[in-house]
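K.L.:
First to last, the protein sequences are chains A and B.
Using my numbering, the first residue of the first sequence is number 9, and each one after it goes up by one.
Using my numbering, the first residue of the second sequence is number 526, and each one after it goes up by one.
The beta-carbon is built from N, C-alpha and C at its ideal position, and this holds for glycine as well.
Below is the structure I would like to discuss, written out as structure tokens.
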Amino acid sequence: MSPHSPEAQALYERLKREAEAAGYYLNPDVDFVLDLMEGLLTNEKRYGYWACPCRLAEGVREKDLDIICPCDYRDADLDEYGACYCALYVSEDIARGERKPQPVPERRGTVPGPSATEHEEELVGFTKSGIPVWRCKVCGYLCARPQPPLKCPICKADRDRFERFA
Amino acid sequence: MAERVIALKKKIKLYALSTCGWCKKTKKFLDDNYVEYEYEYVDLLTGAERERVMTEVDRWNPRRSFPTIVIDDSQVIIGYNEDRLREALEL
């Protein structure tokens, strides 16, 4: 058992609460998760944001956006492997201890993000009001409003993780 | 350094991140099994030094993920995989 800081403990409790409120689960291996919390806190001090503790960050927010926790790949990895890349988030059966998380191969760079052509298409907006629709790249949450929210109400990702959807 | 009695002496290089839980598990596994190894915390390196080490990682693991374990300059294990480590290190 390694000693963990009170900050890591507090962050763990907060993320656990937020995850459960949004239908996600944290890894039941608390000691492992507390290590990840220390990693997130280290990266917050180092870079100013929560770069994934299991990935090498560039230290430039724009370049690391997709790997800011929760990363853009979390939900796809949860679907396919039952855990995100660093195994902070896990599927329900792993959370219940019915299955152990397995190493997850790096997805980053394997799937082209929203394709270039998608961006080339002119966005006309399908809302009757003409208000743009924004999509959270982390969890897929959609909302129609002049600007994306400061934080995703579902997964708490920051505003710059949103893309124009319609 | 005093010689340690291990069944097998292989050259092991671990490329890791100081913040990563899987890298920590890998180190612990090697330590628990008295395996000697060199390691590099790539996130603690900067500039040319990081470039140089990442070029090494790239040669074995173009996805550049961690942990990357290179055994005897001939075999690579990517990610924390106890079974593959046991097999490769004959533990």
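If you drop the 5 nearest sequence neighbours on each side, which residues of the same chain put their C-beta closer than 6 Å to that of Ile162 (chain A)?
P.N.:
Here the set comprises Ala30, Cys147, Tyr149.
K.L.:
Quick check: Val582 (chain B) and Thr571 (chain B), are their CB atoms within less than 8 Å of each other?
P.N.:
No, the Cβ-Cβ distance between Val582 (chain B) and Thr571 (chain B) is not below 8 Å.
K.L.:
Could you list which residues in chain A have their beta carbon closer than 7 Å to that of Ser599 (chain B), in chain order?
P.N.:
In chain order: nothing, as chain A lies at least about 22 Å away.
K.L.:
Would you mind telling me which residues of chain A sit closer than 7 Å to Asp583 (chain B), beta carbon to beta carbon, in chain order?
P.N.:
Simply none; closest approach about 12 Å.
K.L.:
Counting beta carbon pairs with one atom in the region 100-110 of chain A and one in the region 32-48 of chain A, are three or more of them shorter than 8 Å?
P.N.:
Output reads yes: the region 100-110 of chain A touches the region 32-48 of chain A.
K.L.:
Return helix, strand or coil for Phe591 (chain B), following the three-state DSSP convention.
P.N.:
In the structure shown, Phe591 (chain B) sits in coil (DSSP, three-state: anything other than H, G, I, E or B).
K.L.:
Report yes or no: is there a C-beta of chain B within less than 8 Å of the C-beta of Leu44 (chain A)?
P.N.:
Yes, its Cβ sits closer than 8 Å to a Cβ of chain B.
K.L.:
Provide the residue span of the alpha helix (DSSP H) that contains Trp547 (chain B), from first to last.
P.N.:
Note, Trp547 (chain B): alpha helix (DSSP H), 546-557.
K.L.:
Which residue marks the beginning of the alpha helix (DSSP H) containing Glu565 (chain B), and which one marks its end?
P.N.:
Note, Glu565 (chain B): premise wrong, no alpha helix (DSSP H); beta strand (DSSP E) at 563-566.
K.L.:
Given Cys60 (chain A), which residues of its chain have a CB within under 7 Å of its CB, disregarding the five upstream and five downstream residues?
P.N.:
Taken in chain order, the residues that qualify are Ile75, Cys77, Cys79, Tyr93, Cys94.
K.L.:
I want to verify the contact list: residues of chain B whose CB lies under 8 Å from the CB of Pro36 (chain A), in sequence order.
P.N.:
Residues of chain B passing the Cβ test: none, with the nearest at roughly 14 Å.
K.L.:
Under three-state DSSP, which class holds Leu23 (chain A)?
P.N.:
Here Leu23 (chain A) sits in helix by DSSP.
K.L.:
Can you give me the C-alpha to C-alpha distance between Arg153 (chain A) and Lys136 (chain A), rounded to a whole angstrom?
P.N.:
Cα to Cα, Arg153 (chain A) sits roughly 12 Å from Lys136 (chain A).
K.L.:
Can you give me the Cβ contacts of Lys536 (chain B) inside the same chain, cut-off strictly under 6 Å, excluding the 5 residues immediately before and after it?
P.N.:
So the list reads Asp597, once near-sequence residues are dropped.
K.L.:
Give the residues of chain B in contact with Glu114 (chain A), contact being defined as C-beta atoms less than 7 Å apart.
P.N.:
Under the 7 Å cutoff, chain B gives Arg588, Ser590.
K.L.:
When you compare only the Cα positions, how much space is there between Glu66 (chain A) and Glu565 (chain B)?
P.N.:
Distance between the alpha carbons of Glu66 (chain A) and Glu565 (chain B) is about 17 Å.
K.L.:
Which residues in chain B sit within 9 Å of Ala95 (chain A), going by Cβ to Cβ distance?
P.N.:
Within chain B, the residues near Ala95 (chain A) are Gly546, Trp547.
K.L.:
Val567 (chain B): beta carbon under 7 Å from a heavy atom of the ligand HEM?
P.N.:
The ligand HEM is not part of this structure, which contains no ligands at all.
K.L.:
Check the Cβ-Cβ distances between Glu572 (chain B) and every residue of chain A, and say whether any is below 8 Å.
P.N.:
Here residue 572 (chain B) is Gly; the residue named in the question, Glu, does not match the sequence. No, Gly572 (chain B) does not count as interfacial toward chain A.
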